[in-house]
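Data block below; observations after.
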Ligand code: ATP
Ligand code: MG
């Protein structure tokens, strides 16, 4: 049923198998030894077979949609009625497991053939029932590399403002899917063309027309630069892209529109990284990202310009930079940033070479001295401790000291009088 039949028809391995049946939830629970009532009131039972899980849903219709988000009532019914409540024709196919036949009540096979996303029934009505479907249409078109049927697309343009009534979590999850499963560039372009982008991510819509110095950005404005990065990132994403990397690519220059200024020297974006962090933080909070994801994405945004300086960094600073959590994501964001503009990859290769040269203990050397040792040496504990310990590690990372003895001598020489 649904997405998995669509994928089977396209010759793609489905992510999961959804099963639809005329059997009532209680009967499904009686037939299989291990089940869980994940959505019993909607008629959905999870059947557990060893490592595998299948969602088994009783054919149902939905009605109500009083809040434009979720149905207020369901009723069990026939296969055909169940198909008619679904969003797009390409998601409305059934596969009969008895004989392998595809049951197509909505011309879904023809639309897969034509590569078109089209609502089942009147687009305006279907979007009024559930506004999230507008975003899903764009997400499926992007990921499947399909077009959106003109009537369906016009209905999105007409109703785009209603997307704001959908919960932030549902919007976030559809956007993430759009970004990580391939076709992120056409996806963002469709969001812009449909009017959805300025409703849900106006800050991204504002990147359009923000021109930049051609010397660093021969590709064009900030919008074009960002889209190029997304294109390289998710071109034929067979393996899903890391979601934090995808969001960071989308948001890395989000501070540019607000910080752009031009004088006789040219165009500048002073402070765009810091401003970008603030704007990105507000977006991620609005979309209710977890603390962990927010931290990773903001860290990617915040460090993306530091790659410019890697060749001038002192050894200890460089090593601290290279050992940052998720450094591979930082490095990949930098690569996208370069390939999506001037294509000069010197700093990227420099980091790669350094990482290849350095063994794990070079980046994370064993601690030579502890706070406990400092107390033993007669230092009163206090804020000076962290300064001393940092300086010791810096000297160690710079290769100036290697043993505990040398560390003690280093401390006594610099701070001996402060005991
Ligand atoms: P994916 O491969 O990305 O999981 P999918 O088609 O399986 O795609 P799901 O979001 O998992 O998408 O939904 C499963 C099926 O449920 C869809 O194929 C569609 O038939 C139906 N569906 C999901 N959300 C809606 C909705 N908002 N309105 C109507 N039908 C929906
Ligand atoms: Mg699915």
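In my numbering, the protein residues as written are 897 to 1315.
The beta-carbon is built from N, C-alpha and C at its ideal position, and this holds for glycine as well.
A quick note: this is a predicted structure, and the numbers were derived from the prediction, not measured.
Item	Value
Exposure label - residue 1039; buried when at least 16 CB within 10 Å	buried
Rounded C-alpha distance that separates residue 1228 from residue 1286	29 Å
Opposing strand residues paired with residue 956 [DSSP bridges]	972
Burial state of residue 1242 (16 or more Cβ within 10 Å)	exposed
Segments assigned alpha helix (DSSP H), at least 4 residues, entirely inside the stretch 1099-1169	1118-1130, 1139-1147 and 1152-1155
Enclosing beta strand (DSSP E) for residue 932 [first to last residue]	931-935
Residue 916: first and last residue of the uninterrupted beta strand (DSSP E) it sits in	914-917
Burial state of residue 1250 (16 or more Cβ within 10 Å)	buried
Whole-Å CB distance - residue 1080 paired with residue 1130, under 8 Å assumed	4 Å
For residue 1301, the nearest candidate out of 1230, 1288 and 1294 (CA to CA)	1288
Nearest-angstrom Cα separation, counted from residue 989 out to residue 900	9 Å
Residue 1002 to residue 898 span [Cα, whole Å]	12 Å
Top-ranked residue by Cα proximity to residue 1093, from 1273, 1166, 1030 and 1046	1030
Cross-strand partners of residue 945 (DSSP beta bridge)	948
Cα-Cα separation, residue 1306 to residue 1160	50 Å
Identity of the residues DSSP links to residue 984 by a beta bridge	1015
Simplified DSSP state of residue 990, which is helix, strand or coil	strand
Distance CB(residue 949)-CB(residue 978) smaller than 8 Å	no
Outcome for residue 1248 when other beta-carbon atoms lying within 10 angstroms are tallied against a minimum of 16	exposed
Residue 1048 and residue 1015 closer than 8 Å at C-beta	yes
Proximity test, residue 911 beta-carbon vs ligand 2 heavy atom, cut-off 7 Å	yes
Residue 945 to residue 913 span [Cα, whole Å]	13 Å
Whole-number beta carbon distance between residue 924 and residue 952, since they are thought to touch under 8 Å	5 Å
Helix, strand or coil at residue 999 according to DSSP, with G and I counted as helix	strand
Those residues which DSSP pairs with residue 1044 across a bridge	1013
Within 8 Å, strictly: CB atoms of residue 1068 and residue 1185	yes
Buried versus exposed, by CB contacts within 10 Å (16 or more), residue 1112	exposed
Own chain partners of residue 1140 with C-beta closer than 8 Å, once the 5 adjacent residues on each side are dropped	1189, 1192, 1193, 1196, 1222 and 1225
Spatial distance of residue 1124 from residue 1165 (CA atoms)	20 Å
Within 8 Å, strictly: CB atoms of residue 1033 and residue 984	yes
Proximity below 8 Å, CB of residue 1013 to CB of residue 1042	yes
Residue 1156 beta carbon less than 8 Å from that of residue 1106	yes
Cβ-heavy atom distance, residue 1028 to ligand 1, below 7 Å	yes
Three or more C-beta pairs below 8 Å linking the stretch 1230-1240 and the stretch 1253-1268	no
Residue 1173 versus 1152, 1158 and 1183, residue with shortest Cα-Cα distance	1152
Residue 940 - DSSP class collapsed to helix/strand/coil	strand
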